[in-house]
Amino acid sequence: MARGGGKGVNLKDKLDGNELDLSLCDLSEVPVRELAALPKATILDLSCNNLISLPSDFCSLMHLVKLDLSKNRLQQLPLDFGRLVNLQHLDLLNNRLVTLPVSFAQLKNLKWLDLKDNPLDPVLAKVAGDCLDEKQCKQAAVKVLQHMRAIQSEQDRERQRKLQAEREMEKKREAEQRAKEAQERELRKREKAEEKERRRREYDALRAAKQEMEKQTKKETVQTRKPSSNARPPQPPRRKHSWSRSVLRLLLFMLLCILCTLAVCKLTELQHQPLCISVNTLYEDVVAALQNHKSLQNMLHQNSQQ
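Following this line, the structure appears as structure tokens:
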């Protein structure tokens, strides 16, 4: 058996022959890279070290058949510890393990197991039992594997239930989405039908109004062509008479304005203004002309009598 004393030991230099048993001490870390380079080292003794944990790549040492990790301070094993599928003998005596990883159930070749002096979960401790002799250690391996397989099966079923629940939820969401889309399609279809019906009513209303208008026009045309016997004869136009009245009113208005202007120019202080002087002069000329016209008429009248 070759032994290395410390973390920096060159394992290749110590295992150049056909040795299959390797024991290392005074370690705080496992030299996985160096161990992986020694596939013939199927027996590995890492007991009585200060190991608190194993690196995840430790599980790549799939050539291991016998592994002694007793009397360390391991609090847990790597989650993929089950990759060590060739492992037959495992000693975990006197560590700080509470549980084992579920992948432990994959160690199908495990024939010997010692879990004494670990603060194990009560259920796991009862399953493992004691490992005081060869028979008890072999029974411990069988019972712990069965227990871990049951846990793995339960976890698989739980994953299946979750997966099934997720699928059911997805189906439910898809069904709700399809129902929503169908409802939206039905709503659009109903809105389209309502819009079509509204347009049809508008068209019918316009058509009815047009027919009513044509009917009324036709009725009025018939009434125009066939006047009633009681209808009054057409009244003569009164446009000329109305025009004469308008001219008479205009003349009366102008005469009233002239009389008002003459009164203002004759009776008020404005009679000395240029405008009133002109008005008064015009008035006197008109009066004189009328008087002359009257005198002429009298003379003509007297001559006609003679």
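So in the UniProt record's numbering the end of the sequence shown lands on 306, straight run, no missing numbers. We put the CB at the ideal spot given by N, CA and C, even for glycine. Small disclaimer: the values here were computed from a predicted structure and weren't measured.
Consult DSSP for L67 and reduce its assignment to one of helix, strand or coil. Strand at L67.
Going by the DSSP bridge assignment, what does D21 pair with across the sheet? I43, per the DSSP bridge assignment.
Since L113 is in the beta strand (DSSP E), which residue starts that stretch and which ends it? Taken as a continuous stretch (DSSP letters only), the beta strand (DSSP E) holding L113 covers 112 to 114.
Inter-residue Cα distance where the pair is K116 and Q160: C-alpha separation (whole angstroms): 34 Å.
Per the contact definition of three or more C-beta pairs closer than 8 Å, is the region 263 to 277 in contact with the region 288 to 301? Contact fails: fewer than three Cβ-Cβ distances are below 8 Å.
Please state the DSSP three-state secondary structure of L187. Here DSSP, grouped into helix, strand and coil, assigns L187 to helix.
Assign A141 to one of two classes, buried (16 or more other C-beta atoms within 10 Å of its C-beta) or exposed (fewer than that). Looking at its Cβ environment, which holds 16 or more other Cβ atoms inside 10 Å, A141 is buried.
Do C59 and R83 have their CB atoms nearer than 7 Å? A Cβ-Cβ contact shorter than 7 Å links C59 with R83.
What are the start and end residues of the beta strand (DSSP E) that includes L90? That run of the beta strand (DSSP E) goes 89 to 91.
Could you name the residues of the same chain whose beta carbon sits closer than 6 Å to that of H147, not counting the 5 residues immediately before and after it, in chain order? Excluding residues up to 5 positions away in sequence, V127 lie with their Cβ nearer than 6 Å to the Cβ of H147 in the same chain.
For N118, I'd like the list of residues in its chain whose CB is within less than 6 Å of its CB, leaving aside the five on either flank, ordered along the chain. Counting only Cβ-Cβ distances below 6 Å, and skipping sequence neighbours, we find N95, L97.
Taking DSSP as the reference, what is the three-state secondary structure of K108? It is coil, neither helix nor strand.
What's the C-alpha gap between S53 and Q164? Taking the straight line from one Cα to the other gives about 36 Å.
Given a cut-off of 7 Å, decide if I43 and K71 are closer than it, judged by their beta-carbon atoms. Not closer than 7 Å, so no.
Could you check whether L87 and L64 sit closer than 7 Å to each other, using their CB atoms as the reference points? Contact annotation: L64 and L87 have beta-carbon atoms nearer than 7 Å.
Restricting to Cα atoms, I'd like to know which of L132, A193, V102, D133 is closest to L124. Selection L132, A193, V102, D133 evaluated against L124 yields V102 as nearest (Cα-Cα).
Report the rounded CA-to-CA distance for L174 versus E184, giving the unit in angstroms. Per the sequence shown, residue 174 should be read as Glu rather than Leu. Straight-line Cα distance between these residues: approximately 15 Å.
Report buried or exposed for V85, applying the criterion of at least 16 other Cβ atoms within 10 angstroms of its Cβ. It counts as exposed.
Cut-off 8 Å between Cβ atoms - residues of its own chain near A105, not counting five sequence neighbours on either side: So the qualifying residues of the chain are G82, L145, M148, R149, I151, Q152.
Which value, in whole angstroms, describes the spacing of the CA atoms of R199 and K219? Roughly 30 Å separates the two Cα atoms.
Out of D285, E284, L61, which has the shortest C-alpha to C-alpha gap to D80? Here the closest residue by C-alpha is L61.
Should Q45 be labelled buried (16 or more other beta-carbon atoms within 10 Å of its own) or exposed? In the sequence as displayed, the identity of residue 45 is Asp instead of Gln. Residue environment: D45 is assigned as buried (16 or more neighbouring CB atoms within 10 Å of its CB, all protein chains considered).
Continuous alpha helix (DSSP H) stretch holding V32: start and end: Where V32 is concerned, the enclosing alpha helix (DSSP H) stretches over 32 to 36.
Taking all protein chains shown into account, decide if C260 is buried (16 or more other Cβ within 10 angstroms of its Cβ) or exposed. A residue is called buried once 16 or more other Cβ atoms fall within 10 Å of its Cβ, and C260, having fewer, is exposed.
Taking the Cβ atom as the reference point for each residue, do D130 and D114 lie within a distance shorter than 7 Å? Going by C-beta atoms, D130 is not nearer than 7 Å to D114.
V30 to L132 span [Cα, whole Å]: Between V30 and L132, the C-alpha separation is close to 28 Å.
For the putative contact between S28 and L51, defined by C-beta atoms under 8 Å, what is the C-beta separation to the nearest angstrom? Contact check for S28 and L51: beta-carbon distance about 7 Å, within the 8 Å limit, so the pair qualifies.
Q75 to E170 span [Cα, whole Å]: The alpha-carbon separation between Q75 and E170 amounts to approximately 40 Å.
Span of the alpha helix (DSSP H) holding L27? Premise fails: L27 is in no alpha helix (DSSP H) and is neither H nor E.
Keeping to the same chain, check which residues put their C-beta closer than 6 Å to that of N49; ignore five residues upstream and five downstream. So the list reads L27, N72, once near-sequence residues are dropped.
Three-state secondary structure (DSSP) of T281: T281 falls in the helix class under three-state DSSP.
Could you have a look at G82 and say whether DSSP puts it in helix, strand or coil? DSSP, read as helix, strand or coil, puts G82 in helix.
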